[in-house]
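Student:
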Amino acid sequence: VNDRNGYEPHEGGNIYAIAQFYPRLAVYNDVEGWQNMPYWQRSEYALEFGNFKVSITVPADHLLNATGELVNMKEVLTSEQYNRYQKAKTTFDKPVMIVTEQETEQRMKDGAKGKTKTWKFEAENVRDFAWVSSRTYMWDAMAVKVGSKTPMAESIYPKEGGNLWKDLSTKAVAHTLKTYSKYTFDYPYPKAVSASVQWQGMEYPMICFNGGRANADGTYDEFMANGLVGLVIHEVGHNFFSMIVNSDERQWTWQDESLNTYLQNIAEQEWSSDFPSARLKASQIVSYMQKPQEEMMPIMTQGDLLTDFGSEGYSKSSVGLHILRNLIVGQENFDYAFKTYAQRWMFKHPTPADFFRTLDDASGTDLDWFFRGWYFSTEVVDLGVKSVTELYASEVSTPMGKGFKFSTQKSNSDIYESDAIKDYLKENPGLKVQKPNYFYEVEYERVGGMPMPLLVTFNFEDGSSTEIRYPVEVWRFPHRPLKKMYGFEKPLKSIEIDKNLETADVNLKNNSWSK
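Here the sequence shown is numbered in this note's numbering, starting from 562 and rising by one per residue.
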């Protein structure tokens, strides 16, 4: 088995995962024309939609699944197996075994005896066709309610899948269809299949090839469970990106992989709130962004040219979308914008510009600054506290009445003036010297080229704290010092920037000040 298709040697009979076995039509779109870039294995495919009618003849002892609906089910299954599948179509809580382990063992024992079976599949409006076949396979399935549709979630796997696959695979397929549909569009195809093929993680319309096996005795641990569930969610999720929202994978790896990974993280967290999602938090991309500039490539780079394929094709964009959702746009607005993109471009060929414009348009937020820095450059986030000046206020008489002067020492008669003080007095016209008692001017710095909202936590000597969140617009004049003045009723002990690691700041050394 290679990273796209092939066969897995198996003692009881090989497992065949067959894809890219026929001439496929190149995409012609109204932006770039023909997409005829050669395939170099790492960047994937640009494919056109079509309808398929496929007949596959295999040894009679093989069990087979593929893209599309099996239209001659009564011919290739026993009557009991056929009835089980009909039952599965109305079973929503747990998988129904269509072909059992005992039946598989008997089928392997009997052998094909020189006979064959022809399996017939039909699929509409799909961009590709793939199939799996083995005499070692068993099969389970359950129904999933998605809007007005009831697609089938299915798994096909050998005995070595053990309880790992029996317990988790089909449930993970069903969970993926429900979760992704909630954030994009109702899944339009009649089924989604997770097929066990070791050393694989590859997607095709309605079917994906997934690795992961149980222990020899059929048991599994938490690590194995999370590994299979995460893999199934990701590969089944590709039905949405890019099987339906059909971006050009050959050119832009990130436009399907990272969008899919972004939703994968959400689905994993809805599967279990403590699921160890790997490309979710801002802090999870920091180690990559701390690399020397010459070792990084912008996300907007053709897939074969990326220097760190996992980070640049998957992680950085996925994390960036979570930053937009959780920090910049807000979950409700971002979810609406993301769903708008998915629905606007389903069964079409969107470009990166279509994605960026839709998020701007549907969220009602100008995000050009984010896309420019996060996707088109390798600039990093590095915000910090540059200096803190404690100030002392006293009342003075002015032609306009009572006013205030500020100095840097209690006994000093010098007058300290700054734009930050002027802004503070404008914002606090009823200021009294007695309350607040403690004044500070803080200068912040943006060392990195990537702007982010400024998240400031003030910690006081009595153990309490307060947070102020400034929008990214505070950095709109990057060459001017950013100074803010504050008045508190209690003495300040320390200041922290991005205390909860929400901005992917690459340098925490300048993120704090203490008295």
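No residue lacks a Cβ here, since even glycine has one placed at the ideal position from N, Cα and C. The structure displayed is predicted, hence computed values, not measured ones.
Taking 7 Å as the threshold (C-beta atoms), are Met-703 and Ala-1109 in contact?
Tutor: Examination of residue 1109 is not possible in this model, given that the chain is present from 562 through 1076 alone.
Student: Nearest-angstrom Cα distance between Met-763 and Ser-755?
Tutor: Roughly 10 Å between the two C-alpha positions.
Student: Using a 10 Å radius around the Cβ and a threshold of 16 neighbouring Cβ atoms, would you call Asp-654 buried or exposed?
Tutor: Flag for Asp-654 reads exposed.
Student: Smallest Cα separation from Met-767: which of Pro-751, Gln-759, Tyr-698 and Gly-722?
Tutor: The candidate whose alpha carbon is nearest that of Met-767 is Pro-751.
Student: Could you tell me which whole alpha helix (DSSP H) segments of length 4 or greater appear in the segment 781-866?
Tutor: Fully enclosed alpha helix (DSSP H) runs of 4 or longer: 783-798, 814-832 and 847-850.
Student: Threshold first: 3 residues or longer. Then list the beta strand (DSSP E) segments lying entirely within the segment 616-677, N to C.
Tutor: Counting only runs of 3 or more, we get 624-627 and 657-660.
Student: Tell me which residue opens and which closes the beta strand (DSSP E) that Ala-705 is part of.
Tutor: For the record, residue 705 in the displayed sequence is Val; it is not Ala. It is not in any beta strand (DSSP E) - Val-705 carries neither H nor E in the DSSP assignment.
Student: Could you give the residue range of the beta strand (DSSP E) that holds Val-1003?
Tutor: Segment 999-1007, the beta strand (DSSP E) holding Val-1003.
Student: Have a look at Phe-582 and Trp-1036 and give me their C-alpha separation to the nearest angstrom.
Tutor: So the two alpha carbons sit approximately 53 Å from each other.
Student: Considering Cα atoms alone, identify which of Gly-772, Gln-642, Asp-817 and Ser-616 is closest to Val-632.
Tutor: When only C-alpha atoms are compared, the closest one is Ser-616.
Student: Assign Ser-1075 to one of two classes, buried (16 or more other C-beta atoms within 10 Å of its C-beta) or exposed (fewer than that).
Tutor: Answer is exposed; the Cβ neighbour count stays below 16.
Student: Is the beta carbon of Glu-831 closer than 7 Å to that of Thr-740?
Tutor: Yes, these two residues count as a Cβ contact at 7 Å.
Student: Please confirm if the segment 819-828 is in contact with the segment 876-893, defined as three or more CB-CB distances below 8 Å between the two stretches.
Tutor: With a cut-off of 8 Å, the segment 876-893 and the segment 819-828 count as touching, because enough Cβ pairs lie within range.
Student: Answer yes or no: do Val-941 and Met-1011 have a C-beta to C-beta separation smaller than 7 Å?
Tutor: Contact: yes.
Student: Using three-state DSSP, classify Ala-587 as helix, strand or coil.
Tutor: Reduced to three states, the DSSP call for Ala-587 is coil.
Student: With Phe-931 as the anchor, note down where its alpha helix (DSSP H) starts and where it stops.
Tutor: 929-935 is the extent of the alpha helix (DSSP H) around Phe-931.
Student: For Gln-892, which residues from the same chain have a beta carbon less than 7 Å from its beta carbon, with the 5 sequence-adjacent residues on both sides left out?
Tutor: Cβ neighbours of Gln-892 beyond the five flanking positions: Arg-886.
Student: Look up Asn-1020 in the DSSP assignment and give the residues it is bridged to.
Tutor: DSSP, once it has assigned bridges, lists Ser-1026 and Ser-1055 as partnering Asn-1020.
Student: Decide yes or no for the touch test of the segment 1005-1024 against the segment 1052-1063: beta carbon pairs closer than 8 Å, at least 3 of them.
Tutor: Contact between the segment 1005-1024 and the segment 1052-1063 is present, because at least three Cβ pairs lie under 8 Å.
Student: With contact counted as at least three CB pairs below 8 Å, one residue from each stretch, are the segment 599-617 and the segment 645-662 in contact?
Tutor: The segment 599-617, when compared against the segment 645-662, does not touch it at the 8 Å Cβ threshold.
Student: Out of curiosity, what's the CA-to-CA distance linking Thr-1064 and Ser-844?
Tutor: So the two alpha carbons sit approximately 8 Å from each other.
Student: Write down the C-beta distance between Thr-628 and Phe-613 rounded to the nearest angstrom, noting that I regard them as a contact closer than 8 Å.
Tutor: That pair is a contact at about 7 Å.
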